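Just so you know, we're using the numbering used here here: the sequence shown kicks off at 602 and counts up by one. Quick reminder that beta carbons are idealized off the backbone N, C-alpha and C, glycines included. Keep in mind it's a predicted model, so treat the numbers as computed, not measured.
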Amino acid sequence: MTFWHLFLLSVVQGITEFLPVSSSAHLVLFPHLAGTADQGIIIDLAVHVGSLLAVILVFRKDIFDILKTALHYKAAPQKDKNLLAHILIACIPVLIVGMAVHCAFPDGIRNIVLIGWISIIFALLLWAADRFGATDKTVQNVTRKDAFIIGLLHILALIPGVSRSGITMTTARALGMSRVEAARFSLLIGIPVIAGAGFLGFLALLNGGSAALGFDALLAVVLSFAASYLAIVLMLRWLKNSTFLPFVLYRLCFGAAILLFFV
């Protein structure tokens, strides 16, 4: 893998990981557009680790509060208890199912045409949820039932093209969260999910990775970290006063382009 191939791949992953546009879809499509061999699941996971470090940096205060609540649960404020509970409820289902899917499909699901259709369908769902959803709930005051619904639909993110951020933000908006709160919740519940994927990648590197692959993976982490951090900050700033419409339009064009060129 050349430096520029790795650079572009890492930047694409970093930008798309936390935007509701499906990073996995872009990673699957990238080799077809670049004319190179599939980078494989290990590099995919390495760039996810860079994204993980970026979201941890952005939400370091929330993470500190969550850890403090876990260690001193009885004395913690109710809002912090709610945040911890909602994150656990929303991420546990996808962690369990994701482990099973990884065992069954270690290289992931990489059907280009399926990604195209899914991108279009879930773009329309995001538009509908954002257009008609209420904006009166926060991460702390949603119900356990709301968090569970988000957790169940979170499982769909295992299919490339659905988008982990996209499905969780769509569901959160449909359940009444504001745009910024929906994005915040999606990013927070993504931390344990991405960490789990990164752990699987680390085990795979230990079992069969070469020194060159290890260096490529490290470089991918650094590049995706920088791109992810910028994408998160800009998205949250955008959603304070604007809608998800640009992401909807991008997904529609992305899906249509895939169907046009690959069907």
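- prompt: Can residue 788 and residue 656 be called in contact, C-beta distance under 9 Å?
  reply: yes
task: For residue 680, I'd like the list of residues in its chain whose CB is within less than 7 Å of its CB, leaving aside the five on either flank, ordered along the chain.
output: For residue 680, where only same-chain residues beyond five positions count, the Cβ hits under 7 Å are 741.
message: Here's the rule: buried if 16 or more other CB atoms are within 10 angstroms of the residue's CB, otherwise exposed. What is residue 812?
response: With a pLDDT of only 45 at residue 812, under the threshold of 50, the placement of this residue in the model should not be trusted; the figure read from the coordinates follows. Exposed: under 16 other Cβ atoms inside 10 Å.
message: I'd like to confirm the pairing. Which residues does DSSP put opposite residue 738 in its beta bridges?
response: Answer is 778, bridged to residue 738.
- request: Inspect the beta-carbon positions of residue 795 and residue 649 and report whether they are closer than 9 Å.
  value: yes
- request: Report buried or exposed for residue 672, applying the criterion of at least 16 other Cβ atoms within 10 angstroms of its Cβ.
  value: Under this definition residue 672 is an exposed residue.
message: Is the beta carbon of residue 729 closer than 9 Å to that of residue 848?
response: no
field: Cβ shell of residue 766 (< 6 Å), same chain only, five flanking positions each side left out
entry: For residue 766, where only same-chain residues beyond five positions count, the Cβ hits under 6 Å are 619, 621, 787.
task: For residue 629, name the three-state secondary structure that DSSP assigns.
output: helix
- prompt: Does the separation of the CB atoms of residue 662 and residue 670 fall below 9 Å?
  reply: no
Reduced DSSP category for residue 680 - H, G, I as helix; E, B as strand; rest coil: helix
task: Quick one: using the 10 Å Cβ neighbour count with 16 as the cut-off for buried, is residue 678 buried or exposed?
output: exposed
- prompt: Do you know offhand how far residue 690's Cα is from residue 749's?
  reply: 6 Å
message: For residue 753, tell me which candidate among 692, 807, 735, 721 has the shortest Cα-Cα distance.
response: 692
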